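Undergrad:
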Amino acid sequence: MLTIRRALEAKKAARENGEEAGFSLIELIIVVVIIGILVAIALPLFGFIQKTSVDGATQSNTKNASTTAVAQVASGATVDVSAQAVNGTVLAVSGTTASTICVSGYNPDGQNYISVATAFKSGPGC
7 MLTIRRALEA KKAARENGEE AGFSLIELII VVVIIGILVA IALPLFGFIQ
57 KTSVDGATQS NTKNASTTAV AQVASGATVD VSAQAVNGTV LAVSGTTAST
107 ICVSGYNPDG QNYISVATAF KSGPGC
């Protein structure tokens with residue numbers, strides 16, 4: 007019994023003197039579990055943020071294409087009405103005059119504008 011008491015006192019003295027520094031196994035496991043929970047929460051949010059940014063780029067590309075098409079028609083040039091891809095955004099132009107131009111754009115990687123039926127539209131003729 008005396009040797010156990012001496013061993014415990016020696017262990018306590020070593021801890022108090024700073025000879026035994028570091029974290030216990032339980033503390034490390036708790037930290038790893040907390041980090042795992044944070045990662046599990048953050049990853050789906052990160053995916054949503056990426057898809058939302060793709061949608062923003064789709065809207066921007068569609069508006070820019072609409073402005074360009076109207077400017078081309080206003081200057082007397084013809085507008086290519088075939089579907090074309092610009093930075094992942096598929097654009098389709100309809101209309102032949104400045105007041106009837108309508109540009110539809112969608113990106114298959116986006117959150118909201120997944121098909122042509124739900125495409126973002128821009129232009130005076132939309």
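Under the working numbering, think of the first position of the sequence shown as 7, with each following residue one higher.
Quick reminder that beta carbons are idealized off the backbone N, C-alpha and C, glycines included.
These numbers come from a predicted model, not from an experiment.
Closer than 8 Å by C-beta to alanine 123: which residues in its own chain qualify, once you throw out the five before and the five after it? Chain order, please.
TA: Note on alanine 123: pLDDT 46, under 50, position unreliable in the model; the coordinate value appears next. Answer for alanine 123: no residue qualifies.
Undergrad: Would you report the Cα separation of serine 128 and threonine 103, rounded to the nearest angstrom?
TA: Taking the straight line joining both Cα atoms gives about 14 Å.
Undergrad: For the alpha helix (DSSP H) that serine 110 lies in, which residues bound it at each end?
TA: Segment 108 to 112 is the beta strand (DSSP E) holding serine 110; no alpha helix (DSSP H) there.
Undergrad: By a C-beta neighbour count over all protein chains shown, 10 Å radius and 16 as the cutoff for buried, is leucine 97 buried or exposed?
TA: Buried, since its Cβ has 16 or more Cβ neighbours within 10 Å.
Undergrad: Would you mind reading off the limits of the beta strand (DSSP E) that contains threonine 95?
TA: Unbroken beta strand (DSSP E) run through threonine 95: 95 to 100.
Undergrad: How many Å lie between serine 59 and isoleucine 40 at the Cα?
TA: Computed Cα separation, rounded: 29 Å.
Undergrad: Going by beta carbon distance, what residues of the same chain come within less than 6 Å of arginine 12, once the five residues before and after it are set aside?
TA: Within the same chain, arginine 12 has no close Cβ partners at all.
Undergrad: Classify glycine 111: buried if its beta carbon has 16 or more other beta carbons within 10 angstroms, exposed otherwise.
TA: By the neighbour-count rule (16 or more Cβ atoms within 10 Å), glycine 111 is buried.
Undergrad: What three-state label does DSSP hand serine 121 in the structure shown?
TA: Model confidence at serine 121 stands at a pLDDT of 48, short of 50, so the residue's coordinates are unreliable; what they give is reported in the following sentence. Coil at serine 121, not helix or strand.
Undergrad: According to DSSP, is phenylalanine 54 part of a helix, a strand, or is it coil?
TA: Looking at phenylalanine 54 - three-state DSSP - the assignment turns out to be helix.
Undergrad: Would you say glycine 131 and serine 100 are within 9 Å of each other, going by their C-beta atoms?
TA: Yes.
Undergrad: If the criterion is Cβ atoms closer than 9 Å, does the pair phenylalanine 29 and valine 38 meet it?
TA: Their beta carbons are not under 9 Å apart, which means phenylalanine 29 does not touch valine 38 by this criterion.
Undergrad: Starting from phenylalanine 126, trace the beta strand (DSSP E) in both directions and tell me its first and last residue.
TA: Taken as a continuous stretch (DSSP letters only), the beta strand (DSSP E) holding phenylalanine 126 covers 126 to 128.
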